[in-house]
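Engineer:
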Amino acid sequence: MKIKKRKIQNSLKQAWQSNMRIGVIGAGSWGSALASALAANGASVSIYGRNYQNTVGIEQHQCNETYLPGIQLAKGICAAKDLDELLRDSDYVLIAVPSHGFKNTLLQIKASKKIRPIIWASKGLVPGSGNFFHDEIIKIFGPSLPHAFIGGPSFAKEVAMNLPTAVLVASSDAVFAEQVRQLFHRDVFRVYVTKDVIGAQIGGIVKNVIAVATGISDGIGFGANARAALITRGIAEMMRFGRIMGANKDTLMGLSGCGDLVLTCTDNQSRNKRFGLALASGMSVAAAQESIGQVVEAVFNAEEICNKAKQYNIDMPISEHVNQIFLGNITVNEVFDSLVSRETKVE
Numbered sequence: 003m004k005i006k007k008r009k010i011q012n013s014l015k016q017a018w019q020s021n022m023r024i025g026v027i028g029a030g031s032w033g034s035a036l037a038s039a040l041a042a043n044g045a046s047v048s049i050y051g052r053n054y055q056n057t058v059g060i061e062q063h064q065c066n067e068t069y070l071p072g073i074q075l076a077k078g079i080c081a082a083k084d085l086d087e088l089l090r091d092s093d094y095v096l097i098a099v100p101s102h103g104f105k106n107t108l109l110q111i112k113a114s115k116k117i118r119p120i121i122w123a124s125k126g127l128v129p130g131s132g133n134f135f136h137d138e139i140i141k142i143f144g145p146s147l148p149h150a151f152i153g154g155p156s157f158a159k160e161v162a163m164n165l166p167t168a169v170l171v172a173s174s175d176a177v178f179a180e181q182v183r184q185l186f187h188r189d190v191f192r193v194y195v196t197k198d199v200i201g202a203q204i205g206g207i208v209k210n211v212i213a214v215a216t217g218i219s220d221g222i223g224f225g226a227n228a229r230a231a232l233i234t235r236g237i238a239e240m241m242r243f244g245r246i247m248g249a250n251k252d253t254l255m256g257l258s259g260c261g262d263l264v265l266t267c268t269d270n271q272s273r274n275k276r277f278g279l280a281l282a283s284g285m286s287v288a289a290a291q292e293s294i295g296q297v298v299e300a301v302f303n304a305e306e307i308c309n310k311a312k313q314y315n316i317d318m319p320i321s322e323h324v325n326q327i328f329l330g331n332i333t334v335n336e337v338f339d340s341l342v343s344r345e346t347k348v349e
């Protein structure tokens, strides 16, 4: 009887998912991987990116040769010619654009007058204002529009390859959070939920800057001990930042906090860590960015993080030193000389 009931529940869930139309904005590696995860779970998915030919390739060949070459994506992802077409044919919108394009994407959605509940997978702060993304959504659309963040320790390539992954969905609207969870959740893509929208975002904001530091350390040849120290002290910075911003400690210690930070700092799939390695090799910031070939979020977020840290008197020395590299005020080697010469404190 229990087995039959479970089968009925699964059938109802699949029927609901197959009727849901999700429009993905952003056809990079992360947007494509999440589009594939949604399509594999039965949703009707369309995708829009700046390069229409790239999205056509996703539709026709189930492959994003630009950002996920050689990886087979799920069938059934359709290419949208423009944003209006995508929004017209969608029930929910998933935004997976670089942080510096997030606000403009929201404004384009508002201008279209085709407002849909928003899921976002972008990580960062709004350049200039330093706003959290959920605050920007509320500012532009008002508090009644359902919105949810999805994030956690998840490299796009591994998600696209259907390797086991666990993420977190955060929304102040528990019903919407559960709907989003059901859209994504399956055996290889486990989804947890929380109401702590601020806490869920903070790991994704801080981790990229710490990953640059670990990349520099590895590139210089400082070894595993130094990497572990940077990760641990980076977590301390994240915890201090999160506490002042109003995050729940448990969220920061979970998937989207420590989980995302540790992953990004320990694996060379991380473009921010590779960026740090490039800086350690002697490249300039501009040359290192070019060598990565994709957006390096730390470059766009370090200054906003440090501005908030200064505003709220939060001690974030690793983040501050990385930002000083980006500003051209300190060299890679000087960073670690400065960090190790800091006065010791109680941990």
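As numbered in my numbering, the sequence shown has no gaps in its residue numbers, which increase by one up to the final residue, 349.
Glycine included, C-beta positions come from ideal geometry on N, C-alpha and C.
For Arg-52, count the other beta carbons within 10 Å of its own beta carbon; 16 or more makes it buried, fewer makes it exposed. Which is it?
Structural biologist: By the 10 Å Cβ count, Arg-52 comes out exposed.
Engineer: Spatial neighbours of Val-47 within its chain, please: CB distance less than 6 Å, with the 5 preceding and 5 following residues excluded, ordered by chain position.
Structural biologist: If we look at Val-47 and ignore the five residues flanking it on each side, its Cβ neighbours are Ile-24, Ala-37, Leu-40, Ala-41, Ile-79.
Engineer: Reducing DSSP to helix, strand and coil, say where Phe-178 ends up.
Structural biologist: Correct three-state label for Phe-178: helix.
Engineer: In the structure shown, what three-state DSSP assignment does Cys-80 receive?
Structural biologist: Cys-80 falls in the strand class under three-state DSSP.
Engineer: How would you write the range of the alpha helix (DSSP H) that Arg-245 sits in, first residue to last?
Structural biologist: Per DSSP, Arg-245 belongs to the alpha helix (DSSP H) from 225-247.
Engineer: Roughly how far, in whole angstroms, is the beta-carbon of Asn-210 from the beta-carbon of Asn-133, given that I think they are within contact range, below 8 Å?
Structural biologist: At roughly 18 Å, the Cβ-Cβ gap does not stay under 8 Å, so Asn-210 and Asn-133 are not in contact.
Engineer: Which same chain residues end up closer than 8 Å to Ser-173 when comparing Cβ atoms and leaving out the 5 residues on each side of it in sequence?
Structural biologist: Excluding sequence neighbours, Ser-173 sits near Pro-148, His-149, Ala-150, Phe-151, Ala-179, Val-182, Val-195, Lys-197, Val-199.
Engineer: May I have the straight-line CA-CA distance separating Phe-104 from Val-297, to the nearest angstrom?
Structural biologist: Rounded to whole angstroms, Phe-104 to Val-297 spans 13 Å at the Cα level.
Engineer: What alpha helix (DSSP H) runs, 4 residues minimum, are completely inside the stretch 261-317?
Structural biologist: Runs found: 262-268, 273-282, 287-294, 299-313.
Engineer: Going by the beta-carbon positions, is the gap between Ile-139 and Ile-120 smaller than 8 Å?
Structural biologist: Yes, the pair counts as a contact, with Cβ atoms nearer than the cut-off.
Engineer: Can you tell me where the alpha helix (DSSP H) with Tyr-69 in it begins and where it stops?
Structural biologist: Careful: Tyr-69 lies outside any alpha helix (DSSP H) and carries neither H nor E.
Engineer: Considering only C-alpha positions, which residue in the set Ile-233, Ala-29, Asn-309, Met-241 is nearest to Ala-123?
Structural biologist: With distances taken between Cα atoms, Ala-123 lies closest to Ala-29.
Engineer: Examine the Cβ distances between the stretch 263-283 and the stretch 206-224 and report whether three or more of them are shorter than 8 Å.
Structural biologist: In short, these stretches touch, since the Cβ pair count reaches three.
Engineer: Identify, in the order they occur along the chain, each residue of the same chain with its Cβ nearer than 7 Å to the Cβ of Met-3, setting aside the five sequence neighbours on each side.
Structural biologist: Residue placement at Met-3 cannot be trusted, given a pLDDT of 42 that sits under 50; what the coordinates show is reported in the next sentence. So no residue of the chain qualifies.
Engineer: For Arg-52, which of helix, strand or coil comes out of DSSP?
Structural biologist: Coil at Arg-52, not helix or strand.
Engineer: By how many angstroms is the C-alpha of Phe-157 removed from the C-alpha of Trp-32?
Structural biologist: Approximately 8 Å, taken between the alpha carbons.
Engineer: Thinking C-alpha only, which one of Pro-145, Ile-49, Arg-245, Ala-226 is nearest Lys-310?
Structural biologist: With distances taken between Cα atoms, Lys-310 lies closest to Arg-245.
Engineer: Is the CB of Val-214 under 8 Å away from at least one CB in chain C?
Structural biologist: The chain labelled as chain C is not found in the depicted structure, where only one protein chain is given.
Engineer: How far does the beta strand (DSSP E) with Gly-205 in it reach, from first residue to last?
Structural biologist: Careful: Gly-205 lies outside any beta strand (DSSP E), inside the alpha helix (DSSP H) at 199-222.
Engineer: Assuming Gly-205 and Asp-262 are in contact, meaning their beta carbons sit under 8 Å apart, how far apart are those beta carbons, in whole angstroms?
Structural biologist: Confirmed, about 4 Å.
Engineer: Taking only the alpha-carbon atoms, compute the straight-line gap between Lys-354 and Phe-328 and give it to the nearest angstrom.
Structural biologist: Residue 354 falls outside the range modelled here, since the chain spans only 3 to 349, and no answer is possible.
Engineer: Measure the CB-CB distance between Tyr-94 and Met-22 and report whether it falls below 8 Å.
Structural biologist: It is a contact, given that the beta carbons lie within the stated cut-off.
Engineer: Run through DSSP, which three-state label would Gly-103 get?
Structural biologist: Of the three classes helix, strand and coil, the one that applies to Gly-103 here is helix, per DSSP.
Engineer: Would Cys-267 and Ile-294 be called neighbours here (beta carbons separated by less than 8 Å)?
Structural biologist: No, these two residues do not count as a Cβ contact at 8 Å.
Engineer: What does DSSP give as the partner residues of Arg-23 in its beta bridges?
Structural biologist: Paired residues: Ser-46.
Engineer: Mind checking which residues open and close the alpha helix (DSSP H) that includes Ala-158?
Structural biologist: 158-162 is the span of the alpha helix (DSSP H), which, as asked, contains Ala-158.
Engineer: Alpha carbon to alpha carbon, how far is Ala-391 from Lys-116?
Structural biologist: This structure cannot speak to residue 391, because the chain is shown only from 3 to 349.
Engineer: Helix, strand or coil: how does DSSP classify Val-190 here?
Structural biologist: If DSSP states are grouped into helix, strand and coil, Val-190 belongs with coil.
Engineer: Using only CA atoms, which one of Asp-84, Glu-61, Thr-167 lies nearest to Leu-75?
Structural biologist: Leu-75 has its Cα closest to that of Glu-61, out of Asp-84, Glu-61, Thr-167.
Engineer: In angstroms, rounded to a whole number, what distance separates the CA positions of Ser-146 and Asp-175?
Structural biologist: The alpha-carbon atoms of Ser-146 and Asp-175 are separated by roughly 10 Å.
Engineer: What did DSSP end up calling Ile-121 once you bin it into helix, strand or coil?
Structural biologist: Ile-121: strand per DSSP, three-state reduction.
Engineer: Under the three-state reduction of DSSP, which class applies to Leu-147: helix, strand or coil?
Structural biologist: Correct three-state label for Leu-147: coil.
Engineer: How long is the line joining the alpha carbons of Gly-256 and Gln-203, rounded to whole angstroms?
Structural biologist: Looking at the two C-alpha atoms, the distance is approximately 12 Å.
Engineer: By the three-class DSSP mapping on this structure, what secondary structure does Thr-346 have?
Structural biologist: Here Thr-346 sits in coil by DSSP.
Engineer: Just curious, the beta strand (DSSP E) that Leu-96 is in, first and last residue?
Structural biologist: 94-97 is the extent of the beta strand (DSSP E) around Leu-96.
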